[in-house]
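Asker: Numbering (the numbering used here), first residue to last: 187 to 438. Virtual Cβ for every residue (Gly too), placed ideally from N, Cα, C. Predicted model only: the values in this text are computed from it and were never measured.
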Ligand SMILES: NC(=O)c1ccc[n+]([C@@H]2O[C@H](COP(=O)([O-])OP(=O)(O)OC[C@H]3O[C@@H](n4cnc5c(N)ncnc54)[C@H](OP(=O)(O)O)[C@@H]3O)[C@@H](O)[C@H]2O)c1
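1. Could you give the distance in angstroms between the alpha-carbon of residue 378 and the alpha-carbon of residue 247?
2. For residue 434 and residue 320, I'd like the C-alpha separation in whole angstroms.
3. In chain order, what residues of the same chain have a beta carbon less than 7 Å from the beta carbon of residue 206, not counting five sequence neighbours either side?
4. Report yes or no: do the region 369 to 383 and the region 392 to 401 share at least 3 C-beta pairs separated by less than 8 Å?
5. In three-state DSSP terms, what is residue 191?
6. Taking DSSP as the reference, what is the three-state secondary structure of residue 260?
7. Using DSSP with H/G/I as helix, E/B as strand and the rest coil, what is residue 250?
8. What are the boundary residues of the alpha helix (DSSP H) that residue 412 is part of?
9. Taking just the CA atoms, how far does residue 324 sit from residue 417?
10. Taking 8 Å as the cut-off, is the beta-carbon of residue 403 closer than that to any non-hydrogen atom of ligand 1?
11. Is there contact between the region 227 to 243 and the region 422 to 431, where contact requires at least three CB pairs shorter than 8 Å?
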């Protein structure tokens with residue numbers, strides 16, 4: 187299967203690429219970002235599965251980018267050329283909580299919501315030509331309410347109610363697209379808490395759960411490959427799935 191990762195240079199995307207290259211179920215990885223994503227140093231022979239694409243306009247996929255995605259398996263996998271294969275996408279592009287104050291809100295709306303809704307439509311268009319299904323994951327966050335009634339105190343305290351509601355709205359749009367596709371587009375939202383790794387200082391926010399980077403990446407790949415347990419996966423769901431995969435209880 188071919189995996190498209192939106193936001194190829196980010197913290198989570200790098201771990202997805204690292205684990206994805208080792209996974210035999212994934213025949214090609216197309217990493218899309220505004221900057222080149224380096225091939226992981228330990229990739230070895232699987233480096234041939236990796237294709238980093240620099241995208242200039244995230245609301246208008248150029249013909250050349252579309253071609254790269256359409257042809258990915260043909261060009262980058264010697265053994266599997268399956269034009270009926272589905273497209274699998276994990277969307278990590280967003281303005282994360284720590285960067286919200288650096289960016290005007292209109293930009294945040296574009297990056298965290300509009301780029302994702304454009305992507306699901308554009309990739310669905312590609313699916314019509316050469317694939318059977320599109321499976322699409324939108325990475326959101328633990329504090330992303332889908333209505334005013336659900337706004338948690340933490341967002342009020344940090345002055346980030348609008349940003350939280352924006353992510354909740356994006357979740358709703360991505361799920362709606364899947365629901366209205368007659369089963370041809372499967373969409374899923376994941377709502378992690380703080381994602382931890384040794385390279386980062388661990389910070390505590392009241393009410394915000396934690397998950398390890400390798401657990402979340404393993405869970406994301408598992409759900410992309412095997413299908414979604416449900417349309418919205420919580421932090422606890424992702425820990426459970428990721429740890430099961432990494433402990434070897436389940437084929438990855
Ligand atoms: N990290 C966490 O603890 C955490 C917790 C909960 C939820 N999440 C969610 O998980 C997802 C991934 O998080 P992350 O920590 O991997 O984020 P990250 O390291 O900040 O990466 C975000 C990605 O989005 C790209 N991006 C940002 N602004 C862009 C723009 N204007 N145009 C194009 N690309 C842009 C970044 O590109 P550049 O590298 O070029 O900036 C990067 O590839 C996000 O949706 C985030 O909200 C993260």
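Answerer: Put simply:
1. In the chain shown, the residue the question calls residue 378 occupies position 192. In the chain shown, the residue the question calls residue 247 occupies position 61. Approximately 28 Å, taken between the alpha carbons.
2. Stepping through the chain shown from its first residue, residue 434 is reached at position 248. Stepping through the chain shown from its first residue, residue 320 is reached at position 134. For residue 434 and residue 320, the distance between alpha carbons rounds to 27 Å.
3. Sequence index remark: in the chain shown, residue 206 carries index 20 (1-based). Closer than 7 Å at the Cβ level, and outside the excluded window around residue 206, lie 189, 212, 215, 407.
4. yes
5. Here residue 191 corresponds to residue number 5 of the chain shown, with the count starting at 1. Of the three classes helix, strand and coil, the one that applies to residue 191 here is strand, per DSSP.
6. Translated into the one-based positions of the chain shown, residue 260 becomes position 74. Caution applies to residue 260, whose pLDDT of 40 falls short of 50 and renders its modelled position unreliable; the value that the coordinates give is listed next. DSSP places residue 260 in helix when its eight states are reduced to three.
7. Position 64 of the chain shown holds residue 250. Helix at residue 250.
8. In the chain shown, counting from the first residue as 1, residue 412 sits at position 226. Its alpha helix (DSSP H) spans residues 399 to 412.
9. The residue you call residue 417 lines up with position 231 of the chain shown. The residue you call residue 324 lines up with position 138 of the chain shown. Roughly 10 Å separates the two Cα atoms.
10. Along the chain shown, one-based indexing puts residue 403 at 217. No - ligand 1 has no heavy atom lying nearer than 8 Å to the Cβ of residue 403.
11. no
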